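J.: Once you've had a glance at the structure underneath, I'll fire off some questions.
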Amino acid sequence: MNKKLRIVLADDHAVLRAGLKVLLNAEPDLEVIGEASDGVEAIARVDDLRPDLLLLDLTMPKLNGVDCIEELLKKHPGLKILVLTMHDDEEYLKAVLRIGAKGYVLKKAADVELLSAIRTVARGEMFIYPTMAAELVYRHWVSSKELEKESKKLKKLSERELEVLRYLALGHTNQDIAEFLHVSVKTVETYKARVMEKLEMHKRAELVRYAMDNGII
Numbered sequence: 001m002n003k004k005l006r007i008v009l010a011d012d013h014a015v016l017r018a019g020l021k022v023l024l025n026a027e028p029d030l031e032v033i034g035e036a037s038d039g040v041e042a043i044a045r046v047d048d049l050r051p052d053l054l055l056l057d058l059t060m061p062k063l064n065g066v067d068c069i070e071e072l073l074k075k076h077p078g079l080k081i082l083v084l085t086m087h088d089d090e091e092y093l094k095a096v097l098r099i100g101a102k103g104y105v106l107k108k109a110a111d112v113e114l115l116s117a118i119r120t121v122a123r124g125e126m127f128i129y130p131t132m133a134a135e136l137v138y139r140h141w142v143s144s145k146e147l148e149k150e151s152k153k154l155k156k157l158s159e160r161e162l163e164v165l166r167y168l169a170l171g172h173t174n175q176d177i178a179e180f181l182h183v184s185v186k187t188v189e190t191y192k193a194r195v196m197e198k199l200e201m202h203k204r205a206e207l208v209r210y211a212m213d214n215g216i217i
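Under full-length UniProt numbering, think of the first position of the sequence shown as 1, with each following residue one higher.
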């Protein structure tokens with residue numbers, strides 16, 4: 001007989017916990033061995049029972065889900081944590097994945113996704129609610145494309161143009177830059193115009209922001 005996956009439920013809604021317990025215990029390979037109604041109690045249950053998996057809500061009394069995950073994984077690095085939440089905010093998702101949670105399921109989709117998510121996480125794989133996973137991948141792709149675009153722009157600048165950009169971003173006047181580089185003010189103005197054209201910018205403030213964002217200053 002295969003060993004059952006031992007699960008602790010942590011959610012401050014007793015009715016939801018009761019429903020989840022019935023759902024999970026009806027599965028031949030799953031067993032709910034403990035429950036918690038807040039973050040502090042969740043830590044105590046995991047310490048006492050040493051489950052294979054913790055099914056955790058994010059918004060709970062005494063200790064929120066994010067802090068709970070951090071504390072638990074310091075003490076039990078092998079614990080698998082699956083977040084079950086109402087929050088479909090990408091920032092919550094990234095926060096819990098960053099600190100070590102292995103899955104993220106929305107409560108509104110629990111009837112469809114939860115069992116699959118639990119088994120996926122139990123195998124050591126990651127599970128993210130499909131719609132949110134798709135959005136995350138898309139945003140990463142867009143971000144990568146934007147970084148690639150900015151990198152191509154930066155490569156268009158000559159070393160001297162980069163110098164001028166740096167001095168401009170640091171707040172120096174054209175006269176200052178001319179003295180630093182031992183060139184005329186008119187030459188500095190020419191470099192400045194080239195930099196703005198290549199970076200597709202029109203204001204000095206835009207140059208400052210660009211220089212900061214790209215590690216030039």
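A virtual CB, placed ideally from N, CA and C, is assigned to each residue, including glycine.
These figures come from a predicted structure and were not determined experimentally.
#1: State whether the region 87 to 102 contacts the region 59 to 78, with contact taken as three or more CB pairs (one from each stretch) at a distance under 8 Å.
#2: Between K192 and the rest of its own chain, which residues show a CB-CB distance below 8 Å, the 5 nearest in sequence each way excluded?
#3: Check whether the region 2 to 12 touches the region 50 to 62, counting contact only when three or more Cβ pairs, one atom from each stretch, lie closer than 8 Å.
#4: Would you tell me roughly how many angstroms separate the C-alpha atoms of V83 and V121, rounded to the nearest one?
#5: Drop a sphere of 10 angstroms on the beta-carbon of H87, count the other beta-carbons inside from all chains shown, and report buried for 16 or more, exposed for fewer.
#6: Apart from the five residues just before and just after I43, which ones in its own chain have a Cβ nearer than 7 Å to its Cβ?
#7: Buried or exposed: D57, going by 16 or more other Cβ atoms within 10 Å of its Cβ?
#8: Can you tell me which of the three DSSP states V83 falls into?
#9: Excluding sequence positions up to five away, which residues of its chain have a Cβ less than 8 Å from the Cβ of K153?
#10: If D38 and K62 are in contact, beta carbons under 8 Å, what's the gap, nearest whole angstrom?
#11: Given a cut-off of 8 Å on the beta-carbon distance, is the pair R194 and E161 in contact?
#12: Which stretch, first to last residue, makes up the beta strand (DSSP E) that contains V32?
#13: Out of curiosity, what's the CA-to-CA distance linking K186 and E179?
#14: Do I118 and L20 count as a contact pair if the criterion is CB distance below 8 Å?
#15: Can you tell me whether DSSP reads I177 as helix, strand or coil?
#16: Can you list, in chain order, the stretches of the beta strand (DSSP E) that have 3 or more residues and sit fully within the UniProt domain "Response regulatory" (6 to 122)?
#17: Closer than 8 Å by C-beta to S116: which residues in its own chain qualify, once you throw out the five before and the five after it? Chain order, please.
#18: Which term fits A211, buried or exposed, when burial requires 16 or more other beta carbons within 10 angstroms of its beta carbon?
#19: How about E35 and R17: are their beta carbons less than 8 Å apart?
#20: If you measure from the beta carbon of H172 to each beta carbon in chain D, is any gap under 8 Å?
#21: Is T85 closer than 8 Å to L106 when the C-beta atoms are compared?
#22: Would you mind working out which of R45, L181, M196 sits nearest K156, comparing C-alpha positions?
T.: In terms of the structure at hand:
#1: yes
#2: The count along the sequence shown starts at 1 and reaches residue 192 at position 192. Cβ within range, chain order: V164, L168, N174.
#3: yes
#4: For the purposes of this step, residue 83 is taken as residue 83 along the sequence shown, with counting starting at 1. For the purposes of this step, residue 121 is taken as residue 121 along the sequence shown, with counting starting at 1. Between V83 and V121, the C-alpha separation is close to 11 Å.
#5: In the sequence shown, counting from the first residue as 1, residue 87 sits at position 87. So H87 counts as buried.
#6: As a first step, residue 43 is located in the sequence shown; it is residue number 43 there, counting from the start. Only residues of its own chain outside the window of five on either side were considered, and among them C68, E71, L72 have a CB closer than 7 Å to the CB of I43, listed in chain order.
#7: The sequence position of residue 57 within the sequence shown is 57, counting from 1. When all chains shown are included, D57 counts as buried.
#8: Position 83 of the sequence shown holds residue 83. It is a strand residue.
#9: For the purposes of this step, residue 153 is identified with residue 153 of the sequence shown, where counting begins at 1. Counting only residues of its own chain and dropping the five nearest sequence neighbours on each side, K153 has a CB closer than 8 Å to the CB of K198, L199, E200.
#10: By one-based count along the sequence shown, residue 38 stands at place 38. By one-based count along the sequence shown, residue 62 stands at place 62. Between K62 and D38 the Cβ distance is about 4 Å, and since that is below 8 Å, they are a contact.
#11: Here residue 194 is taken as the residue at index 194 of the sequence shown, counted from 1. Here residue 161 is taken as the residue at index 161 of the sequence shown, counted from 1. Yes, Cβ-Cβ distance for R194 and E161 is below 8 Å.
#12: Taking the first residue of the sequence shown as 1, we reach residue 32 at position 32. Per DSSP, V32 belongs to the beta strand (DSSP E) from 30 to 36.
#13: The sequence position of residue 186 within the sequence shown is 186, counting from 1. The sequence position of residue 179 within the sequence shown is 179, counting from 1. Taking the straight line from one Cα to the other gives about 12 Å.
#14: Walking along the sequence shown from the start, residue 20 turns up at place 20. Walking along the sequence shown from the start, residue 118 turns up at place 118. No; because the gap between Cβ atoms is not below 8 Å, this pair is not in contact.
#15: The sequence position of residue 177 within the sequence shown is 177, counting from 1. I177 falls in the helix class under three-state DSSP.
#16: Within the UniProt domain "Response regulatory" (6 to 122), the complete beta strand (DSSP E) runs of at least 3 residues fall at 30 to 36, 53 to 56, 80 to 85, 103 to 106.
#17: The residue labelled residue 116 in the question sits at position 116 within the sequence shown. Cβ within range, chain order: F127.
#18: For the purposes of this step, residue 211 is identified with residue 211 of the sequence shown, where counting begins at 1. Under this definition A211 is a buried residue.
#19: Translated into positions along the sequence shown, residue 35 becomes position 35. Translated into positions along the sequence shown, residue 17 becomes position 17. Yes, these two residues count as a Cβ contact at 8 Å.
#20: Annotation note: the requested chain D is absent from the structure, which comprises a single protein chain.
#21: Within the sequence shown, the letter at position 106 stands for residue 106. Within the sequence shown, the letter at position 85 stands for residue 85. Yes, they are a contact pair.
#22: Counting from 1 along the sequence shown, the entry for residue 156 is found at position 156. The shortest Cα separation from K156 among R45, L181, M196 belongs to M196.
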